[in-house]
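Engineer:
Numbering (the working numbering), first residue to last: -19 to 411.
(1) I need the boundaries of the beta strand (DSSP E) containing residue 10, first residue and last residue.
(2) State whether the segment 338 to 358 contacts the segment 400 to 409, with contact taken as three or more CB pairs (one from each stretch) at a distance under 8 Å.
(3) Assign residue 398 to one of three DSSP states: helix, strand, or coil.
(4) Checking the sheet assignment: what are the DSSP bridge partners for residue 271?
(5) What is the DSSP secondary structure of residue 292, counted as helix, strand or coil?
(6) Could you tell me whether the segment 118 to 126 touches the segment 308 to 320, using the rule of 3 or more Cβ pairs below 8 Å?
(7) Would you mind sorting residue 275 into buried or exposed? The rule is 16 or more other CB atoms within 10 Å of its CB.
(8) Check whether the Cβ of residue 207 lies closer than 9 Å to any Cβ atom in chain C.
(9) Restricting to Cα atoms, I'd like to know which of 292, 169, 113 and 79 is closest to residue 88.
(10) Thinking C-alpha only, which one of 14, 43, 27 and 41 is nearest residue 52?
(11) Can you give me the start and stop residues for the alpha helix (DSSP H) that residue 381 sits inside?
(12) Confirm, please, whether the CB-CB distance from residue 240 to residue 179 is below 9 Å.
(13) If you reduce the DSSP assignment to three classes, tell me which class residue 414 lands in.
(14) What did DSSP end up calling residue 94 once you bin it into helix, strand or coil?
(15) Does the distance from the C-beta atom of residue 172 to that of residue 28 stay below 9 Å?
(16) Thinking just about the alpha-carbon of each residue, which of 49, 50 and 146 is nearest to the one in residue 61?
(17) If residue 334 and residue 164 are in contact, beta carbons under 8 Å, what's the gap, nearest whole angstrom?
(18) Just curious, the beta strand (DSSP E) that residue 408 is in, first and last residue?
(19) Taking only runs that begin and end inside the segment 55 to 127, name each unbroken alpha helix (DSSP H) of 4 or more residues, in chain order.
(20) Find the nearest neighbour of residue 345 within the set -4, 35, 86 and 121, judged by alpha-carbon distance.
(21) Taking 9 Å as the threshold (C-beta atoms), are residue 81 and residue 57 in contact?
(22) What distance in whole Å lies between the Cβ atoms of residue 3 and residue 35, which are believed to be in contact at a cut-off of 8 Å?
(23) Under the rule that 16 or more other beta-carbon atoms within 10 Å means buried, what is residue 24, buried or exposed?
(24) Check whether the segment 274 to 293 and the segment 194 to 209 are in contact - that is, three or more C-beta pairs closer than 8 Å.
(25) What residues match up with residue 312 in a beta bridge as DSSP calls it?
(26) Buried or exposed: where does residue 233 fall if 16 or more other Cβ atoms within 10 Å of its Cβ makes it buried?
(27) Among 297, 79, 176 and 260, which has the Cα closest to the Cα of residue 111?
(28) Check residue 405 in the structure and name its three-state DSSP category.
(29) May I ask you to report which of helix, strand or coil DSSP gives residue 412?
(30) Answer with buried or exposed for residue -8, where buried requires no fewer than 16 other C-beta atoms within 10 angstroms of its C-beta.
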């Protein structure tokens, strides 16, 4: 019998915790938020109603939320079906709190750690089996109310009924797009999306040295290849260079030897200097781009030129090829598009079944988490897998795993017209 989730306790009322709690309360779920002290509780309440965006649109839904502190109200957790830990991104802090919770948790209660990259095996090491079967990772994307993707990561000891209950509740009640990820570095969406961003900085530097502007790099690495109009540098400004540098260091330190992402995790020198100068992006008033105001109230868009390391007026770039065919164009534009996006597609093709059991999970993760028009495998179908295979073979590059599977099984595409997908073993399976 599948467990039923009718109440949710959220440990931590920061940006993510408030977002998760607010979404549940908006769906009329009984919610408990616990924080470290009363000041943090008050801040969480304010965040629920006044955050940008506010997790709760209807103030009346606050009636669904009870609050408390860890030192006084931990006992209340025994009455909740799902406990979602959402404190700081620190494995030891998470482990310490989870150990306290386990002393109180009811047998039926599901416990998840919400994290964007800490492995479940690191959190659960040495924990009792009673907990491990009810323990998983959840990775909500920010802002929780707006972003469709939710990655759920089971461990080797997690009871399938635990994952089934979480999947059902988060899909039906919270209306999330759930994908089941494996317990690997950065899970699915961030593994591929951040790889795109990291290789983009390095190949972008090569393109700048050849005369392309940052505006042109953004124009190429955006809508022509089916990605959001933010492009590369504007996406860094949105997320924050400091945040991305931290993820990059994790890539460089913890990805396995031979993984292509390992060599691109460290930032180029110009971007390192920006971080040293506190130039992180929008939250610091400017990163690669900024907006300045004139005395008459008009505004100027400016670009931080990575070559001269000075601010200059932003310019508009018009591309000669404005669609996916740019990937195969013999030009600086085409070289950049292939070196970044083409390589990212190949990187994704090498990660199944390492990060996910099937290709549709990868495609959904990239569509729902990074707003790509198509995930990597659907994109390769649209391009034509054999165009990519031919290019790789002509360049003497070993085919990535899933492209090799496709070729060896004489498949024409990764998806067919019968709602089936090509499996890592070369069989057709239902989506």
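Cβ atoms here follow ideal geometry from the backbone N, Cα and C, with glycine treated the same way.
Structural biologist: The relevant details are as follows:
(1) Here residue 10 is taken as the residue at index 30 of the chain shown, counted from 1. It spans 10 to 15 - the beta strand (DSSP E) in which residue 10 sits, taken as one unbroken run.
(2) yes
(3) Here residue 398 corresponds to residue number 418 of the chain shown, with the count starting at 1. In this structure, residue 398 counts as coil in the three-state DSSP scheme.
(4) The residue given as residue 271 occupies position 291 in the chain shown. In DSSP, residue 271 forms a bridge with 281.
(5) Indexing the chain shown from 1 puts residue 292 at position 312. Strand.
(6) The segment 118 to 126 is not in contact with the segment 308 to 320.
(7) Mapped onto the chain shown, residue 275 falls at position 295. Its Cβ having fewer than 16 others within 10 Å, residue 275 is exposed.
(8) Reference to chain C is not applicable here, since this structure consists of a single protein chain.
(9) Along the chain shown, read from residue 1 onward, the residue named residue 88 stands at position 108. Residue 88 has its Cα closest to that of 113, out of 292, 169, 113 and 79.
(10) Here residue 52 is taken as the residue at index 72 of the chain shown, counted from 1. Looking at the Cα atoms, 14 is the closest of the given residues.
(11) Taking the first residue of the chain shown as 1, we reach residue 381 at position 401. Per DSSP, residue 381 belongs to the alpha helix (DSSP H) from 381 to 388.
(12) To locate residue 179, count along the chain shown from 1; it is residue 199. To locate residue 240, count along the chain shown from 1; it is residue 260. Closer than 9 Å, so yes.
(13) In this structure the chain extends from -19 to 411, so residue 414 is not present and cannot be described.
(14) For the purposes of this step, residue 94 is taken as the residue at position 114 of the chain shown. Taken through DSSP and simplified to helix, strand or coil, residue 94 comes out as strand.
(15) As a first step, residue 172 must be located in the chain shown, where it is residue number 192. As a first step, residue 28 must be located in the chain shown, where it is residue number 48. No, the pair does not count as a contact, with Cβ atoms beyond the cut-off.
(16) Counting from 1 along the chain shown, the entry for residue 61 is found at position 81. Answer by Cα proximity: 146.
(17) For the purposes of this step, residue 334 is taken as the residue at position 354 of the chain shown. For the purposes of this step, residue 164 is taken as the residue at position 184 of the chain shown. Sure, about 6 Å apart at Cβ, within 8 Å.
(18) Looking up residue 408 in the chain shown gives position 428. Element bounds for residue 408: 408 to 410.
(19) 71 to 82, 100 to 104 and 109 to 112
(20) Taking the first residue of the chain shown as 1, we reach residue 345 at position 365. Residue 121 is the option with its Cα nearest to residue 345.
(21) Start at 1 with the first residue of the chain shown, and residue 57 comes out as number 77. Start at 1 with the first residue of the chain shown, and residue 81 comes out as number 101. The Cβ-Cβ distance between residue 57 and residue 81 falls below 9 Å.
(22) Here residue 35 refers to the residue found at position 55 of the chain shown. Here residue 3 refers to the residue found at position 23 of the chain shown. That belief holds up - the Cβ atoms of residue 35 and residue 3 are roughly 7 Å apart, short of 8 Å.
(23) For the purposes of this step, residue 24 is taken as residue 44 along the chain shown, with counting starting at 1. So residue 24 ends up on the buried side.
(24) Using a Cβ-Cβ distance cut-off of 8 Å, the segment 274 to 293 and the segment 194 to 209 are in contact, since at least three pairs of beta carbons, one from each stretch, lie closer than that value.
(25) The residue given as residue 312 occupies position 332 in the chain shown. For residue 312, DSSP records no beta bridge to any residue.
(26) Counted from its first residue, the chain shown places residue 233 at position 253. By the 10 Å Cβ count, residue 233 comes out exposed.
(27) In the chain shown, counting from the first residue as 1, residue 111 sits at position 131. Selected option, being the one with the closest Cα: 79.
(28) Looking up residue 405 in the chain shown gives position 425. Three-state DSSP puts residue 405 in coil, outside helix and strand.
(29) Limits of the chain in this structure are -19 at one end and 411 at the other, which puts residue 412 out of reach.
(30) The sequence position of residue -8 within the chain shown is 12, counting from 1. Buried, since its Cβ has 16 or more Cβ neighbours within 10 Å.
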